[in-house]
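Engineer: Once you've had a glance at the structure underneath, I'll fire off some questions.
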Amino acid sequence: MKLDSIKTYVVGNPPPSFGGRYFVFVKIRTACGIEGVGEAYAATFSPHVIAAMAEDLFARVFEGEDPMQTETLWRRAYGEGYSLRPDISLMGVLSALEMA
Numbered sequence: 111m112k113l114d115s116i117k118t119y120v121v122g123n124p125p126p127s128f129g130g131r132y133f134v135f136v137k138i139r140t141a142c143g144i145e146g147v148g149e150a151y152a153a154t155f156s157p158h159v160i161a162a163m164a165e166d167l168f169a170r171v172f173e174g175e176d177p178m179q180t181e182t183l184w185r186r187a188y189g190e191g192y193s194l195r196p197d198i199s200l201m202g203v204l205s206a207l208e209m210a
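Numbered per this note's numbering, the sequence shown spans residues 111 to 210.
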């Protein structure tokens, strides 16, 4: 089983916006057709930037890999910080991919 594709969803939250103004969801699909969904919690940037970060991290680290190798994928992604160190935005994106 290999990770095949990702789709991101930015969902607006109507007032009074309990839980935040936006939710960023990711859906990951394997080559076998199995799908999983996760939510990115780190909305320190525009939600569309967080969605783009999820797509970028998936393409660099997760695509074509075995989803059962959670620890290996996590450690590779953890070392691929956008500022060359782990940061809160990367951890939010990694959390969403790990949930899915």
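Idealized CB from N, CA, C, for every residue including glycine.
Treat the numbers as computed from the prediction; the structure is a model and nothing was measured.
Sort out for me which residues DSSP pairs residue 115 with in a bridge.
Structural biologist: Residue 115 is bridged to 139.
Engineer: Which same chain residues end up closer than 8 Å to residue 123 when comparing Cβ atoms and leaving out the 5 residues on each side of it in sequence?
Structural biologist: Answer for residue 123: 129, 130, 131, 132 and 133, listed in chain order.
Engineer: Give the straight-line distance between the Cα atoms of residue 165 and residue 143, rounded to the nearest whole angstrom.
Structural biologist: If you take the alpha carbons of residue 165 and residue 143, they lie about 18 Å apart.
Engineer: By how many angstroms is the C-alpha of residue 188 removed from the C-alpha of residue 209?
Structural biologist: Approximately 15 Å between the Cα atoms of the pair.
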